[in-house]
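What follows is a set of notes on a single structure, which appears directly below.
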């Protein structure tokens, strides 16, 4: 997948400007469409980067399969959890956090590319799993974390210890990036008020 800066419209959603060209699909795509229609186990898109985990395939989107209602069956949630392969319900939340973490650190940290991608994904998994209240005891959580990081190690080829260490450093970079962005936004708002 190559970054593309043209004025072509996305061939999946037909609404947004395409920012990527996918060689496998021979299509110009926007990042929103890729996040919506690509299973996370096949492709982790982080801005112009991706980590190919399995063979490349895309889910077919039809009007009958898309639901606008907020009710989802338990079996559907279990299916999504199984597709993710990491035991996490909301794969879209995980990817959104991973994208923000990757963007915050891109060009700032000098890490191997795979490590940065794996740490971004791990940060997404950790924040979405453990920000919600869980009645599980610490021992169960430690076992679950251990199993998840080993699974990510298998998928990415990056050692688990490196992923966990990079994730903690990445969290600090992400928080610093968000703080700087918030300050810049506040300054711009103040400047607009004075003119």
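Numbering (UniProt numbering), first residue to last: 1 to 195.
Here a beta-carbon is modelled for each residue, glycine too, at the ideal position from N, C-alpha and C.
Inter-residue Cα distance where the pair is residue i and residue j
i: residue 170; j: residue 188; result: 27 Å
i: residue 31; j: residue 18; result: 8 Å
i: residue 104; j: residue 185; result: 16 Å
i: residue 155; j: residue 107; result: 24 Å
i: residue 151; j: residue 158; result: 11 Å
i: residue 92; j: residue 100; result: 12 Å
i: residue 119; j: residue 111; result: 10 Å
i: residue 116; j: residue 168; result: 12 Å
i: residue 22; j: residue 96; result: 20 Å
i: residue 12; j: residue 34; result: 8 Å
i: residue 163; j: residue 140; result: 20 Å
i: residue 176; j: residue 166; result: 15 Å
i: residue 174; j: residue 29; result: 27 Å
i: residue 98; j: residue 113; result: 14 Å
i: residue 16; j: residue 138; result: 44 Å
i: residue 129; j: residue 94; result: 9 Å
i: residue 81; j: residue 172; result: A caution first: residue 81 carries a pLDDT of 48, below 50, which makes its placement in the model unreliable, though a value can still be read off. Computed Cα separation, rounded: 28 Å.
i: residue 145; j: residue 102; result: 21 Å
i: residue 14; j: residue 183; result: 35 Å
Burial state of residue i, where buried means 16 or more other Cβ atoms lie within 10 Å
i: residue 196; result: The structure shown does not extend to residue 196, since the chain is modelled only from 1 to 195, so the question has no answer here.
i: residue 126; result: buried
i: residue 123; result: buried
Paired residues, beta bridge with residue i - DSSP
i: residue 28; result: 21
i: residue 9; result: 17
Residues of its chain near residue i, where Cβ-Cβ distance is below 8 Å and the 5 sequence neighbours each way are ignored
i: residue 149; result: 122, 160, 163, 164
Close-in-space but distant-in-sequence residues of the same chain around residue i (CB under 7 Å, 5 per side omitted)
i: residue 72; result: Note that residue 72 scores 49 on pLDDT, short of 50, meaning its location in the model is unreliable; the coordinates nonetheless yield the value given after this. Excluding positions up to five away in sequence, the list is empty.
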